[in-house]
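Student:
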Amino acid sequence: MSEKHSVPGASETGMPELPLNAFVRRLTLLSAMGVFLDGYDLTIISVALLFIIPHFHPSATLLGMVGAAAVAGMFVGSLVFGNLSDRFGRRTMYLLDLLFFVVFAILSALSQNITELIVFRFLLGIGIGADYPVSSALTAEFSPTKKRGLLLVATIASYQVGAVVAYLVGLALIPLGPDAWRWMLASGAVPALLVMWSRRSIPESPRWLIRAGKVAEGQEVYRSIGHAALQQTVEANKTTQREQNAKPKTSELGDFRRLFRKDLIRMTVFTALTWFLFDSGAYAFSVFYPTIFKSLKGSTIESSVLASAIIAAVAFVGIILDLLLVDRVGRKYLQAVGLLGLGLMFILLSVITPGFSVFVILFMIMYIFLQAPAQMTYLFSVEVFPTSVRATGQGFATAISRLGGLMGIFIFPLLMKDMGLSTGVRILGIAVLLAFILTVWLAPETRNQPLSDN
Numbered sequence: 001m002s003e004k005h006s007v008p009g010a011s012e013t014g015m016p017e018l019p020l021n022a023f024v025r026r027l028t029l030l031s032a033m034g035v036f037l038d039g040y041d042l043t044i045i046s047v048a049l050l051f052i053i054p055h056f057h058p059s060a061t062l063l064g065m066v067g068a069a070a071v072a073g074m075f076v077g078s079l080v081f082g083n084l085s086d087r088f089g090r091r092t093m094y095l096l097d098l099l100f101f102v103v104f105a106i107l108s109a110l111s112q113n114i115t116e117l118i119v120f121r122f123l124l125g126i127g128i129g130a131d132y133p134v135s136s137a138l139t140a141e142f143s144p145t146k147k148r149g150l151l152l153v154a155t156i157a158s159y160q161v162g163a164v165v166a167y168l169v170g171l172a173l174i175p176l177g178p179d180a181w182r183w184m185l186a187s188g189a190v191p192a193l194l195v196m197w198s199r200r201s202i203p204e205s206p207r208w209l210i211r212a213g214k215v216a217e218g219q220e221v222y223r224s225i226g227h228a229a230l231q232q233t234v235e236a237n238k239t240t241q242r243e244q245n246a247k248p249k250t251s252e253l254g255d256f257r258r259l260f261r262k263d264l265i266r267m268t269v270f271t272a273l274t275w276f277l278f279d280s281g282a283y284a285f286s287v288f289y290p291t292i293f294k295s296l297k298g299s300t301i302e303s304s305v306l307a308s309a310i311i312a313a314v315a316f317v318g319i320i321l322d323l324l325l326v327d328r329v330g331r332k333y334l335q336a337v338g339l340l341g342l343g344l345m346f347i348l349l350s351v352i353t354p355g356f357s358v359f360v361i362l363f364m365i366m367y368i369f370l371q372a373p374a375q376m377t378y379l380f381s382v383e384v385f386p387t388s389v390r391a392t393g394q395g396f397a398t399a400i401s402r403l404g405g406l407m408g409i410f411i412f413p414l415l416m417k418d419m420g421l422s423t424g425v426r427i428l429g430i431a432v433l434l435a436f437i438l439t440v441w442l443a444p445e446t447r448n449q450p451l452s453d454n
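Going by the UniProt record's numbering, the sequence shown opens with residue 1, and the numbers climb by one from there.
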């Protein structure tokens with residue numbers, strides 16, 4: 001793709017782009033807060049399980065279902081809300097998804113049996129899954145091309161902030177005793193309500209409005225955020241379109257079939273399958289390592305949760321490197337290096353038998369490697385698709401990745417029980433190394449490339 005713009009400050013399709021101003025920073029922060037809540041709600045269950053297990057005494061199958069319920073909900077939420085976001089706009093979905101966070105975090109905490117807990121965590125997961133395509137599309141469409149990687153990494157990296165906070169909150173709530181898990185699961189509702197209230201000020205994506213033929217409304221968005229020059233660019237594009245008698249094909253908005261046509265199928269396969277393989281290892285690793293720590297000699301509930309929090313915090317080394325490098329060396333290189341390092345660490349862990357302290361150190365290294373693919377899979381899935389199916393494509397990739405996560409979460413405890421920890425970890429390593437091979441083979445480089453508005 002050429003970096004020459006048809007008009008100053010516009011993408012190759014003539015779509016204007018904003019500078020990195022206060023509005024873009026505010027939008028990025030509010031999107032990041034949604035991802036923060038994703039990380040918080042998906043991580044807090046790993047601490048809560050330490051109390052849920054002795055409270056409900058679930059079988060291995062039900063334990064897997066508790067861990068997997070929210071991820072299963074993400075499959076539905078990302079697939080459905082991503083498509084709705086392309087068809088009807090980003091803003092409504094941007095607000096609605098957080099309602100799921102508030103309502104079902106509270107209901108999860110009030111569960112009277114394991115079945116209720118599984119159902120409410122599934123419904124919470126729908127909201128979590130919805131936030132991925134909606135927030136990523138909205139953030140990308142307002143971001144300047146040369147800073148888009150930085151802003152999207154900052155957004156998805158907030159997941160890790162949420163994970164660290166979840167471990168610290170969980171650690172603080174442990175003294176509450178057997179019912180501490182209820183407070184843990186309910187604790188995400190208040191920040192979700194605050195973020196939902198704050199998001200009301202965010203307008204619809206002008207890229208989506210213009211692609212949907214609502215040029216006047218797109219102009220109004222630019223005017224409302226104080227960019228008259230960009231409004232004039234939109235008007236010039238509108239005049240050119242009128243002269244060419246070219247009407248936008250609104251029927252293509254959210255057309256799921258487009259993902260499998262010749263121009264996009266390679267990217268659909270790459271984003272979905274690579275993310276699927278990565279998440280099969282990453283989710284099993286993230287959800288169950290507090291439980292793994294607790295099973296090691298010399299560990300306690302408190303030491304297991306504290307070690308988990310430290311590991312999650314060390315991940316910021318990887319996040320900082322990604323923030324510094326994503327718009328310099330590019331997405332493909334970072335994803336490939338991260339996947340290779342993580343896969344090899346899984347294999348190493350499967351052939352040695354470390355004690356608690358060595359286990360913690362190895363997990364720290366793994367978590368640093370894990371950050372690059374965790375962020376780059378997110379970036380690729382929003383950058384490689386055009387505006388008309390951007391959220392649909394991202395939602396599809398997210399949904400398929402969560403199938404991988406489900407496999408990891410549901411199957412890993414069974415593998416540990418029937419085949420031992422080493423075999424389970426080795427299988428996770430093989431999956432991650434396959435994702436590395438796919439990245440080297442299929443990944444494009446989207447650094448400094450304008451978004452497509454076709």
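Ideal placement from N, C-alpha and C gives every residue a C-beta, glycine not left out. The structure displayed is predicted, hence computed values, not measured ones.
Three or more C-beta pairs under 8 Å: does that hold for the stretch 328 to 346 against the stretch 421 to 435?
Tutor: Contact holds between the stretch 328 to 346 and the stretch 421 to 435, because three or more Cβ pairs, one in each stretch, are under 8 Å apart.
Student: Candidates F380, M33, V71: which alpha carbon is nearest Y333's?
Tutor: Numbered from its first residue, the sequence shown carries residue 333 at position 333. Comparing Cα positions, the closest option is F380.
Student: In whole angstroms, give me the CA-to-CA distance for L403 and V71.
Tutor: As a first step, residue 403 is located in the sequence shown; it is residue number 403 there, counting from the start. As a first step, residue 71 is located in the sequence shown; it is residue number 71 there, counting from the start. The straight-line gap from Cα to Cα measures roughly 8 Å.
Student: According to DSSP, is T43 part of a helix, a strand, or is it coil?
Tutor: In the sequence shown, residue 43 corresponds to position 43, counting from 1. T43: helix per DSSP, three-state reduction.
Student: Could you give the distance in angstroms between the alpha-carbon of G82 and the alpha-carbon of S357?
Tutor: Locating residue 82 in the sequence shown gives position 82, where the first residue counts as 1. Locating residue 357 in the sequence shown gives position 357, where the first residue counts as 1. Looking at the two C-alpha atoms, the distance is approximately 42 Å.
Student: So what's M376 in DSSP terms, helix, strand or just coil?
Tutor: Here residue 376 refers to the residue found at position 376 of the sequence shown. Correct three-state label for M376: helix.
Student: If you draw a straight line from the alpha carbon of W181 to that of A109, how long is it in whole angstroms?
Tutor: Along the sequence shown, read from residue 1 onward, the residue named residue 181 stands at position 181. Along the sequence shown, read from residue 1 onward, the residue named residue 109 stands at position 109. C-alpha separation (whole angstroms): 7 Å.
Student: Could you give the distance in angstroms between the alpha-carbon of S135 and the alpha-carbon of G34?
Tutor: For this step, residue 135 is matched to residue 135 along the sequence shown. For this step, residue 34 is matched to residue 34 along the sequence shown. Roughly 8 Å between the two C-alpha positions.
Student: Which of the three DSSP states is assigned to R261 in this structure?
Tutor: Counted from its first residue, the sequence shown places residue 261 at position 261. Three-state result, R261: coil.
Student: With 16 as the cutoff for other CB atoms within 10 Å, does E141 come out buried or exposed?
Tutor: Counted from its first residue, the sequence shown places residue 141 at position 141. When all chains shown are included, E141 counts as buried.
Student: Go to F100, then tell me how far its alpha helix (DSSP H) extends in each direction, as first and last residue.
Tutor: As a first step, residue 100 must be located in the sequence shown, where it is residue number 100. Residue range 90 to 109 is occupied by the alpha helix (DSSP H) that includes F100.
Student: I'd like the list of long-range same chain contacts for R207, defined as Cβ closer than 7 Å, with 5 residues on each side in sequence excluded.
Tutor: By 1-based counting over the sequence shown, the position of residue 207 is 207. Result list for R207: M15, E141, T387, D453, in chain order.
Student: With I44 and M184 assumed to form a contact (beta carbons below 8 Å), what rounded beta-carbon distance in angstroms separates them?
Tutor: One-based indexing of the sequence shown puts residue 44 at position 44. One-based indexing of the sequence shown puts residue 184 at position 184. Sure, about 5 Å apart at Cβ, within 8 Å.
Student: If you run the structure through DSSP and keep just helix, strand and coil, what is G341?
Tutor: Position 341 of the sequence shown, counted from the first residue, corresponds to residue 341. Here G341 sits in helix by DSSP.
Student: Apart from the five residues on each side of it in sequence, which residues of its chain come closer than 7 Å, Cβ to Cβ, to T139?
Tutor: Within the sequence shown, the letter at position 139 stands for residue 139. The answer, listed in chain order, is L27, T28, S31, L151, L152, T155.
Student: Contact check, V161 vs G39 under 8 Å by CB: the rounded distance?
Tutor: Reading the sequence shown from its first residue, position 161 is the one you call residue 161. Reading the sequence shown from its first residue, position 39 is the one you call residue 39. Going by Cβ atoms, the distance from V161 to G39 rounds to 7 Å, so yes, they are a contact pair.
Student: When you compare the CB positions of G125 and G281, do they come within less than 8 Å of one another, or not?
Tutor: As a first step, residue 125 must be located in the sequence shown, where it is residue number 125. As a first step, residue 281 must be located in the sequence shown, where it is residue number 281. Taking 8 Å as the Cβ cut-off, G125 and G281 do not qualify as a contacting pair.
Student: If the criterion is Cβ atoms closer than 8 Å, does the pair P175 and Q394 meet it?
Tutor: As a working mapping, residue 175 is identified with position 175 in the sequence shown. As a working mapping, residue 394 is identified with position 394 in the sequence shown. No.
Student: Do the CB positions of E217 and R331 come within less than 8 Å of each other?
Tutor: For this step, residue 217 is matched to residue 217 along the sequence shown. For this step, residue 331 is matched to residue 331 along the sequence shown. When the beta-carbon positions are compared, E217 and R331 stay at least 8 Å from each other.
Student: What is the DSSP secondary structure of F385, reduced to helix, strand or coil?
Tutor: Start at 1 with the first residue of the sequence shown, and residue 385 comes out as number 385. Three-state DSSP puts F385 in coil, outside helix and strand.
Student: Determine the direct distance from the alpha carbon of R148 to that of L273, and round the result to whole angstroms.
Tutor: Here the question's residue 273 lines up with position 273 in the sequence shown. Here the question's residue 148 lines up with position 148 in the sequence shown. Cα to Cα, L273 sits roughly 24 Å from R148.
Student: Relative to the alpha-carbon of A315, which residue among L370, R266, D279, L406 has its alpha-carbon at the smallest distance?
Tutor: Along the sequence shown, read from residue 1 onward, the residue named residue 315 stands at position 315. Comparing Cα positions, the closest option is L370.
Student: Since I128 contacts D41 with CB under 8 Å, what's their CB separation in whole angstroms?
Tutor: For the purposes of this step, residue 128 is taken as residue 128 along the sequence shown, with counting starting at 1. For the purposes of this step, residue 41 is taken as residue 41 along the sequence shown, with counting starting at 1. With 8 Å as the limit, I128 and D41 qualify as a contact, their Cβ atoms being about 6 Å apart.
Student: Tell me the DSSP secondary structure of T446 in three-state form.
Tutor: Counted from its first residue, the sequence shown places residue 446 at position 446. It is coil, neither helix nor strand.
Student: Cα separation between V7 and E383?
Tutor: Locating residue 7 in the sequence shown gives position 7, counting from the first residue. Locating residue 383 in the sequence shown gives position 383, counting from the first residue. In this prediction, V7 has a pLDDT of 28, which is less than 50 and means its spatial position is unreliable; what the coordinates show is noted afterwards. Roughly 21 Å between the two C-alpha positions.
Student: Please confirm whether Y167 and A397 have their CB atoms less than 8 Å apart.
Tutor: What you label residue 167 is simply residue 167 of the sequence shown in a count that begins at 1. What you label residue 397 is simply residue 397 of the sequence shown in a count that begins at 1. Cβ distance not < 8 Å, so Y167 and A397 don't count as in contact.
Student: State the start and end residues of the unbroken alpha helix (DSSP H) segment that holds D322.
Tutor: Here residue 322 corresponds to residue number 322 of the sequence shown, with the count starting at 1. D322 -> alpha helix (DSSP H) spans 316 to 325.
Student: Considering only their Cβ atoms, is the gap separating F260 from T268 smaller than 8 Å?
Tutor: On the sequence shown, position 268 is the one that residue 268 refers to. On the sequence shown, position 260 is the one that residue 260 refers to. In this structure, F260 lies closer than 8 Å to T268 by Cβ.
Student: What residue range is occupied by the uninterrupted alpha helix (DSSP H) comprising S134?
Tutor: Here the question's residue 134 lines up with position 134 in the sequence shown. Looking at the sequence itself, residue 134 is Val, so the reference to Ser does not match. Its alpha helix (DSSP H) spans residues 114 to 142.
Student: Run the CB neighbour count on D97, radius 10 Å, all protein chains shown included, and call it buried at 16 or more, exposed below.
Tutor: On the sequence shown, residue 97 is found 97 positions in, with the first residue counted as 1. The residue is buried, with at least 16 neighbouring Cβ atoms inside 10 Å.
Student: How long is the line joining the alpha carbons of A186 and L107, rounded to whole angstroms?
Tutor: Within the sequence shown, numbered from 1, the residue matching residue 186 stands at position 186. Within the sequence shown, numbered from 1, the residue matching residue 107 stands at position 107. Approximately 8 Å between the Cα atoms of the pair.
Student: If you scan the stretch 137 to 181 from start to end, which runs of the alpha helix (DSSP H) of 4 or more residues do you find wholly inside it?
Tutor: 148 to 173
Student: Among G177, T439, L406, which residue has its Cα nearest to the Cα of V66?
Tutor: As a working note, residue 66 is residue 66 in the sequence shown. Taking only the C-alpha atoms, the option nearest V66 is L406.
Student: Between M366, L324, E302, which has its C-alpha nearest A172's C-alpha?
Tutor: The sequence position of residue 172 within the sequence shown is 172, counting from 1. Of the candidates M366, L324, E302, the residue whose Cα lies closest to the Cα of A172 is E302.
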